[in-house]
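J.:
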Amino acid sequence: MEKQVVLFSKEGFTFKKIDGIYSLDFIIKNTKIILPKIIDFNLVKLIYDLNNDIYEKVDIQLLDNDEAILTLLMKNLFEDLGLPQCFTYLHMRKNTDDTRITFTSETIKSERPNDMPEESELLPIDKLDCICDIITEHMVKFSCHISFDNTMKIPPFVEKMVGQILFKIFKRVKLFIENVSI
2 MEKQVVLFSK EGFTFKKIDG IYSLDFIIKN TKIILPKIID FNLVKLIYDL NNDIYEKVDI
62 QLLDNDEAIL TLLMKNLFED LGLPQCFTYL HMRKNTDDTR ITFTSETIKS ERPNDMPEES
122 ELLPIDKLDC ICDIITEHMV KFSCHISFDN TMKIPPFVEK MVGQILFKIF KRVKLFIENV
182 SI
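Per my numbering, residue 2 is the first one in the sequence shown, and the count goes up by one each step.
1. In whole angstroms, give me the CA-to-CA distance for R94 and T105.
2. Which residues share a DSSP beta bridge with M75?
3. Check whether the Cβ atoms of V141 and L51 sit closer than 8 Å, and answer yes or no.
4. Among the candidates N96, H139, E160, whose CA atom is the shortest distance from the CA of L8?
5. From K17 to D116, what does the alpha carbon distance come to, in whole angstroms?
6. Suppose the cutoff is 6 Å on Cβ atoms and the five residues either side in sequence are ignored; what does the same chain contact list for T103 look like?
7. In the DSSP assignment, what are the bridge partners of Y49?
8. According to DSSP, D65 sits in a beta bridge with which residue or residues?
9. Tell me, please, which residues DSSP counts as bridged to H146.
Structure below.
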């Protein structure tokens, strides 16, 4: 039996935990552009560029049109709580078909990026999937699922704070994309 807990929900954004896997869902609409054409690694970069108060450093190394290495250093937002600054180091793959664009990411554990602060810690992500269901060419439903390795324990109050941060990120990206006109 699935155990689902909604951690944060506001303005069409839902962040929940289902059997230990974190999930967020939202829809983006824009009748002025064909949304599937902009869903690529540049969109991933845009997400982080719009949120430079949350992310200290972002590097996306394109391997080809369907693969990239993402290195991401978060600002130490939880330093006052005694939590370390975290970074992600992900190998991302993009798969596309007529109705869906999927980004599947796994942590690169075999090495550490050279430019990460010595005291920062790798966020132990087992798997990160972002599924972009194409409802129409002007409306896409985003569903992201993240699972951490079993060493990662997140206190409930931090989960709620993360929900608020993710909402802030979502809101900025949503407003930006929904107001783009090409």
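Ideal Cβ placement from N, Cα and C applies to all residues, glycine included.
T.: Reading it off the structure:
1. In this structure, the alpha-carbon of R94 lies about 5 Å from that of T105.
2. Partner(s): Y56.
3. no
4. E160
5. 32 Å
6. N96, I132
7. Looking at the DSSP assignment, Y49 forms no beta bridge with any residue, so it has no partner.
8. E68
9. S24, D130
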